[in-house]
Amino acid sequence: RIGSASSLSSAIINTRLQELVRLFKERTEKVKEKLIDSDVTSDDESPVASPAAAAVPAPGGELEGDKPLGDDHYCEMLCCTFKRRPWLEHLKSYQFPSSIDPLTNLMYVLWLFFVVMAWNWNCWLIPVRWAFPYQTPANIHYWLLVDYLCDLIYLLDILIFQTRLQFVKGGDIITDKKAMKENYLRSERFKMDVLCLLPLDLFYFKVGVNPLLRFPRCLKYMAFFEFNNRLEAILTKAYIYRVIRTTAYLLYSLHVNSCLYYWASAYEGLGSTTWVYDGEGNSYIRCYYWAVKTLITIGGLPDPKTLFEIVFQLLNYFTGVFAFSVMIGQMRDVVGAATAGQTYYRSCMDSTIKYMNFYRIPRAVQNRVKTWYEYTWHSQGMLDESELLVQLPDKMRLDIAIDVNYNIVSKVALFQGCDRQMIFDMLKRLRSVVYLPNDYVCKKGEIGREMYIIQAGQVQVLGGPDGKSVLVTLKAGSVFGEISLLAAGGGNRRTANVVAHGFANLFILEKKDLNEILVHYPESQKLLRKKAKKMLRSNNKPKDEKGGPGDALVIPPKAETPKLFRAALAATGRMGGKGPLGRLRWRLRELQEAQA
Numbered sequence: 000r001i002g003s004a005s006s007l008s009s010a011i012i013n014t015r016l017q018e019l020v021r022l023f024k025e026r027t028e029k030v031k032e033k034l035i036d037s038d039v040t041s042d043d044e045s046p047v048a049s050p051a052a053a054a055v056p057a058p059g060g061e062l063e064g065d066k067p068l069g070d071d072h073y074c075e076m077l078c079c080t081f082k083r084r085p086w087l088e089h090l091k092s093y094q095f096p097s098s099i100d101p102l103t104n105l106m107y108v109l110w111l112f113f114v115v116m117a118w119n120w121n122c123w124l125i126p127v128r129w130a131f132p133y134q135t136p137a138n139i140h141y142w143l144l145v146d147y148l149c150d151l152i153y154l155l156d157i158l159i160f161q162t163r164l165q166f167v168k169g170g171d172i173i174t175d176k177k178a179m180k181e182n183y184l185r186s187e188r189f190k191m192d193v194l195c196l197l198p199l200d201l202f203y204f205k206v207g208v209n210p211l212l213r214f215p216r217c218l219k220y221m222a223f224f225e226f227n228n229r230l231e232a233i234l235t236k237a238y239i240y241r242v243i244r245t246t247a248y249l250l251y252s253l254h255v256n257s258c259l260y261y262w263a264s265a266y267e268g269l270g271s272t273t274w275v276y277d278g279e280g281n282s283y284i285r286c287y288y289w290a291v292k293t294l295i296t297i298g299g300l301p302d303p304k305t306l307f308e309i310v311f312q313l314l315n316y317f318t319g320v321f322a323f324s325v326m327i328g329q330m331r332d333v334v335g336a337a338t339a340g341q342t343y344y345r346s347c348m349d350s351t352i353k354y355m356n357f358y359r360i361p362r363a364v365q366n367r368v369k370t371w372y373e374y375t376w377h378s379q380g381m382l383d384e385s386e387l388l389v390q391l392p393d394k395m396r397l398d399i400a401i402d403v404n405y406n407i408v409s410k411v412a413l414f415q416g417c418d419r420q421m422i423f424d425m426l427k428r429l430r431s432v433v434y435l436p437n438d439y440v441c442k443k444g445e446i447g448r449e450m451y452i453i454q455a456g457q458v459q460v461l462g463g464p465d466g467k468s469v470l471v472t473l474k475a476g477s478v479f480g481e482i483s484l485l486a487a488g489g490g491n492r493r494t495a496n497v498v499a500h501g502f503a504n505l506f507i508l509e510k511k512d513l514n515e516i517l518v519h520y521p522e523s524q525k526l527l528r529k530k531a532k533k534m535l536r537s538n539n540k541p542k543d544e545k546g547g548p549g550d551a552l553v554i555p556p557k558a559e560t561p562k563l564f565r566a567a568l569a570a571t572g573r574m575g576g577k578g579p580l581g582r583l584r585w586r587l588r589e590l591q592e593a594q595a
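So in our numbering, spot 96 of the sequence shown is number 95, and the numbers just go up one at a time.
This is the structure we're talking about:
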């Protein structure tokens, strides 16, 4: 009984020791992996379950949190019910920001839109109400209501928004309330804002409601130009807005001219001569039609009769020629800027075709060159991506490269475990190249000076006796050519033919660029050299050394004994070699001798 108890305790101790060895080995592997790759997180950083996820079911079978209260609001979506706050409570809890970034704050752009709408109300309708008989005692209260609503928007812009705008001073972004207010009070914007709110409306009590007394409201033009700049910065196709804005300039000039024509007709007397407006039909439409014919100088207008009519018509012609030529020139600039990229692409294509025709390049080659131009332009919108980023600072180029290419490069097994900053430096050296279908990316035996990373498309590795059999097809995220890039001495020749299967967009990293980067990262250089040697050994190893299926060993090789277990076995040997560990130590020695 005593012997069976001791053997049972020895078996338990042995099992416990093996469990400890396994745990120590797993822990060592995790620490090693974390030291090699800093991205690997530890087990202690796992997220803790939220209280909502750990809710205890109520006795009725439902979670206590699932019971909607009487005052709560719920929104049903698909099969779930989400709690949402009423919009009134959300509005009450909203806190207005103490400072506003005018360059990136979309709320400020939205507010500028309302300010510009109020400004357009004054600019477009003040001339109409002054010239045409549309403002009458019956509807005067509606006009005044909208007028003073626009004045309220102007006042809120001065008191709330303009005094909270951040500004740059000495390279620092100033967000102090007092400093922002003082900066606005010293600016030209404040002077114009105060001038546009002059209370000339007080003269209504003496001369009546004259819309010309509201003309200073049109002086808030700075908000209009600021809104244009902010809106163009956030639009993806800003040239469309520029075309609309230029067209609005032309329509507004015609609008003002039609108002002046009606005023001149009323001054001379409606229908008094053949030149003035005769008072029939819609007055605004008829006068606008006359303004269009005058400013565009179409002709076919009745001849002026009086001196006033002649002078008015001459001024109209001179102003029309000048204004229309300015509008046409501005429209040409807007359209030219919108199609500048397409024009550059066409000029490059025409120059290349002219060059190939001059040297009588074969038609098949010319067709492939044209196909490359068309696919490259339509796929990425430019011929060379580096030309777009050359004017940006180095930090901004790195940020763009990380957003565009890091997800692809970080998945490459070759660079896993390397320094993160080294990968960032490598991203700036990558060069994008487009290959056409059946184009040879690299050929067997040629000197390899580049490594390729597939961004989009597929490539095929060819081999076999005829060199045309497809060995493997590589897809996006795959890497090839790294052996030639990392190998030293005579191992820098291509080992296979690689052909583009369809259109393929590849990133190219040249050997000299990688060597310049690795100088500053010796640890990553050692890791890459080690991987390169391992790849070369696996590629150069003869097939007969690998062994076939029938060459199985009688005693397969064992994994290395852990250090902690070896220490326990050594202690057992010093104590006399008795017990289960002593027998195990003797068995391990026999296995090692047999394996040798």
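Idealized CB from N, CA, C, for every residue including glycine.
If you compare the alpha carbons of THR174, GLY268, SER431, VAL310 with that of LEU382, the shortest gap goes to SER431. Between the segment 120-136 and the segment 256-268 there are three or more C-beta pairs closer than 8 Å, enough to call the two in contact. An exposed status is given to GLU445, since fewer than 16 other beta-carbon atoms sit within 10 Å of its beta-carbon. For GLU509, the enclosing beta strand (DSSP E) covers residues 496-509. Comparing alpha carbon positions, the residue from MET191, MET179, TRP110 closest to ILE152 is TRP110. Taking 8 Å as the cut-off, the beta carbon of VAL460 is found no closer than this to the beta carbon of TRP371. With fewer than three CB-CB distances shorter than 8 Å, the segment 90-104 does not count as touching the segment 187-207. When the five nearest sequence neighbours on each side are left out, the beta carbons in the same chain lying within less than 8 Å of the beta carbon of ALA232 are those of LEU102, in order along the chain.
The beta carbon of LEU388 lies closer than 7 Å to those of ARG396, ILE399 in the same chain, with the five residues before and after it left out. Sequence-distant partners of THR296 (beyond 5 residues in either direction) whose C-beta falls short of 8 Å from its own C-beta, in its chain, are TYR316, GLY319, VAL320, PHE323. Put simply, of GLU225, ILE360, LEU314 the residue whose alpha carbon is nearest the alpha carbon of PHE113 is GLU225. The straight-line gap separating the alpha-carbon atoms of VAL255 and LEU234 is approximately 30 Å. Rounded to whole angstroms, the gap between the alpha carbons of LEU435 and ASN366 is 11 Å.
A direct Cα-Cα distance of roughly 58 Å separates ILE11 from GLY462. If the five residues before and after LEU517 are omitted, its C-beta is found closer than 8 Å to the C-beta atoms of MET421, SER523, GLN524, LEU527, all from its own chain and listed in chain order. When the Cα atoms are used, ILE239 and TYR220 turn out to be separated by approximately 21 Å. Taken through DSSP and simplified to helix, strand or coil, LEU197 comes out as coil. Taking LYS532 as reference, the option from LEU413, TYR451, ARG362, LYS511 with the minimal CA-CA separation is LEU413. The DSSP-derived three-state label of THR272 is coil. The Cβ neighbour count for SER92, taken over all protein chains shown within 10 Å, is under 16; the residue is labelled exposed. Listed in chain order, the alpha helix (DSSP H) runs fully inside the segment 195-232 are 203-206, counting runs of at least 4 residues. By the Cβ neighbour-count rule, PHE506 is buried, with 16 or more other Cβ atoms within 10 Å of its own.
If you check the CB distance, ASN227 and ARG216 do not come in under 8 Å. Closest in C-alpha terms to LYS394, from the list SER271, VAL310, LEU426, TYR183, comes LEU426. Where GLN379 is concerned, the enclosing alpha helix (DSSP H) starts and stops at 362-379. Where SER346 is concerned, there is no enclosing beta strand (DSSP E), although the alpha helix (DSSP H) around it starts and stops at 339-357. 8 Å or more divides the Cβ of VAL471 from the Cβ of ALA503. DSSP, read as helix, strand or coil, puts SER98 in coil. The beta-carbon separation of TYR451 and ASN496, rounded to 13 Å, does not stay under the 8 Å limit for a contact.
Here the alpha carbons of PRO361 and VAL498 stand approximately 22 Å from one another. Each residue's CA atom was taken as its position, placing LYS205 and GLN165 some 43 Å apart.
In the structure shown, ILE297 falls within a coil segment according to DSSP collapsed to helix, strand and coil. Judged by DSSP in its simplified three-state form, ARG21 adopts helix. Excluding residues up to 5 positions away in sequence, LEU253, ASN256, SER257, TYR260 lie with their Cβ nearer than 7 Å to the Cβ of ALA290 in the same chain. Here THR135 carries a coil assignment [DSSP, helix/strand/coil]. DSSP, read as helix, strand or coil, puts GLN454 in strand.
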